[in-house]
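Chemist: Counting from 417, one number per residue, gives the positions in the sequence shown under this note's numbering.
Pasting a structure below so you can have a look.
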Amino acid sequence: GNTRVEEACEMYTRAANMFKIAKNWSAAGNAFCQAAKLHMQLQSKHDSATSFVDAGNAYKKADPQEAINCLNAAIDIYTDMGRFTIAAKHHITIAEIYEAELVDIEKAIAHYEQAADYYKGEESNRQVLGITNKCLLKVAAYAAQLEQYQKAIEIYEQVGTNTMDNPLLKYSAKEYFFKAALCHFIVDELNAKLALEKYEEMFPAFTDSRECKLLKKLLEAHEEQNSEAYTEAV
417 GNTRVEEACE
427 MYTRAANMFK
437 IAKNWSAAGN
447 AFCQAAKLHM
457 QLQSKHDSAT
467 SFVDAGNAYK
477 KADPQEAINC
487 LNAAIDIYTD
497 MGRFTIAAKH
507 HITIAEIYEA
517 ELVDIEKAIA
527 HYEQAADYYK
537 GEESNRQVLG
547 ITNKCLLKVA
557 AYAAQLEQYQ
567 KAIEIYEQVG
577 TNTMDNPLLK
587 YSAKEYFFKA
597 ALCHFIVDEL
607 NAKLALEKYE
617 EMFPAFTDSR
627 ECKLLKKLLE
637 AHEEQNSEAY
647 TEAV
């Protein structure tokens with residue numbers, strides 16, 4: 417029994433690779449998918465996950481939704497095996513498909529968040545920290561677009577705090593605190609003022625930055641405008 421399943425598995429994989437050469441992406445995806453299911457029957461989880469990823473990568477060029485289904489199947493296997501960083505990588509791929517192909521921002525956000533979450537356990541690794549921040553910054557930017565300012569603020573502050581002590585990344589921290597303060601400014605001017613003071617205290621290098629000076633000008637202009645409006649009203 418098993419030998420025949422193994423042979424079928426090999427044949428599907430060979431066929432998939434030939435379809436790939438012919439750029440017949442749907443057929444390649446389908447054949448890899450069949451191979452993945454047979455690997456599962458044989459209890460070879462790792463091979464099954466690899467075939468699902470191959471299927472996802474082939475489908476990516478023809479059928480984005482099917483690509484997502486295959487990558488999700490791979491993610492299930494990897495999380496089951498405790499391979500969270502590999503699962504995270506595929507969550508990012510799914511998020512990118514939702515961004516670029518299917519334009520479903522809410523779902524892209526969910527997958528970027530999941531990726532960042534899985535990477536969290538590995539943050540002692542500098543490279544992983546960079547990828548985690550990238551995912552979180554995507555989430556923050558989209559949250560702000562969707563007017564979820566509180567969520568955006570929390571993430572920008574978190575990433576700013578993560579990066580301000582890192583000699584290689586601290587220059588970017590200014591930008592994140594700037595964006596957090598801008599989101600505050602949209603919601604409530606007083607909060608923006610308080611946030612700005614807090615950021616300067618946490619990260620003294622922020623005070624002399626262009627970003628900080630610009631925010632102070634914005635706040636001043638806003639106050640002047642308000643006091644003029646108030647004077648006119650009275």
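Backbone N, C-alpha and C fix where the C-beta goes; we use that ideal spot for every residue, glycine too.
May I ask which residues mark the beginning and end of the alpha helix (DSSP H) holding residue 563?
Modeler: Counting from 1 along the sequence shown, the entry for residue 563 is found at position 147. It is not in any alpha helix (DSSP H) - residue 563 carries neither H nor E in the DSSP assignment.
Chemist: Between which residues of its own chain and residue 486 is the CB-CB distance below 8 Å, once the five residues before and five after are set aside?
Modeler: Sequence index remark: in the sequence shown, residue 486 carries index 70 (1-based). Correct list, in chain order: 445, 448, 449, 452, 468, 469, 471, 472, 475.
Chemist: To test your reading of the DSSP string, which unbroken alpha helix (DSSP H) runs of 4 or more residues are found completely within the region 457-487?
Modeler: 461-475
Chemist: Around the Cβ of residue 530, are there at least 16 other Cβ atoms within 10 angstroms (buried) or fewer (exposed)?
Modeler: Along the sequence shown, one-based indexing puts residue 530 at 114. With 16 or more Cβ atoms within 10 Å of its Cβ, residue 530 is classed as buried.
Chemist: Using DSSP with H/G/I as helix, E/B as strand and the rest coil, what is residue 526?
Modeler: For the purposes of this step, residue 526 is identified with residue 110 of the sequence shown, where counting begins at 1. Residue 526 falls in the helix class under three-state DSSP.
Chemist: Have a look at residue 570 and residue 552 and give me their C-alpha separation to the nearest angstrom.
Modeler: Locating residue 570 in the sequence shown gives position 154, counting from the first residue. Locating residue 552 in the sequence shown gives position 136, counting from the first residue. Roughly 10 Å between the two C-alpha positions.
Chemist: Which residue's Cα is closest to the Cα of residue 461: 442, 495, 579, 484?
Modeler: As a first step, residue 461 must be located in the sequence shown, where it is residue number 45. Comparing Cα-Cα distances from residue 461 to each of 442, 495, 579, 484, the minimum goes to 495.
Chemist: Among residues of its own chain, excluding the 5 on either side of residue 635, which ones have a beta-carbon nearer than 7 Å to its beta-carbon?
Modeler: Here residue 635 corresponds to residue number 219 of the sequence shown, with the count starting at 1. Closer than 7 Å at the Cβ level, and outside the excluded window around residue 635, lie 605, 608, 609.
Chemist: Less than 8 Å between the beta carbons of residue 413 and residue 611, yes or no?
Modeler: Outside the modelled stretch of the chain, which goes from 417 to 650, sits residue 413, for which no answer is possible.
Chemist: What would DSSP say about residue 634, mapped onto helix, strand or coil?
Modeler: Position 218 of the sequence shown, counting from 1, holds the residue named residue 634. Helix, per DSSP.
Chemist: Taking the straight line between their C-alpha atoms, what separation do you get for residue 637 and residue 440?
Modeler: In the sequence shown, the residue the question calls residue 637 occupies position 221. In the sequence shown, the residue the question calls residue 440 occupies position 24. Roughly 59 Å separates the two Cα atoms.
Chemist: CB-CB under 7 Å to residue 537, same chain, minus the five flanking residues each way: which ones, in chain order?
Modeler: Walking along the sequence shown from the start, residue 537 turns up at place 121. Excluding residues within five positions, the ones whose Cβ falls inside 7 Å are 500.
Chemist: With a CB to CB cut of under 7 Å and the five nearest residues on each side skipped, what residues in its chain are close to residue 650?
Modeler: Residue mapping note: residue 650 aligns to position 234 of the sequence shown, counting from 1. Model confidence at residue 650 stands at a pLDDT of 49, short of 50, so the residue's coordinates are unreliable; what they give is reported in the following sentence. Contacts found: none.
Chemist: Go through its chain and collect everything with a Cβ distance to residue 527's Cβ below 8 Å, but skip five positions before and after it.
Modeler: Taking the first residue of the sequence shown as position 1, residue 527 is located at position 111. Excluding five sequence positions before and after residue 527, the CB atoms of its chain that fall closer than 8 Å to its own CB belong to 507, 508, 510, 511, 514, given in chain order.
Chemist: I need the straight-line Cα distance from residue 548 to residue 601, nearest angstrom please.
Modeler: One-based indexing of the sequence shown puts residue 548 at position 132. One-based indexing of the sequence shown puts residue 601 at position 185. Cα to Cα, residue 548 sits roughly 26 Å from residue 601.
Chemist: If you compare alpha carbons, which of 576, 419, 558, 432 is closest to residue 620?
Modeler: As a first step, residue 620 must be located in the sequence shown, where it is residue number 204. Checking every option, the nearest Cα to that of residue 620 belongs to 576.
Chemist: Please name the residue, chosen from 545, 641, 521, that lies closest to residue 561 on a Cα-to-Cα basis.
Modeler: To locate residue 561, count along the sequence shown from 1; it is residue 145. Comparing Cα-Cα distances from residue 561 to each of 545, 641, 521, the minimum goes to 521.
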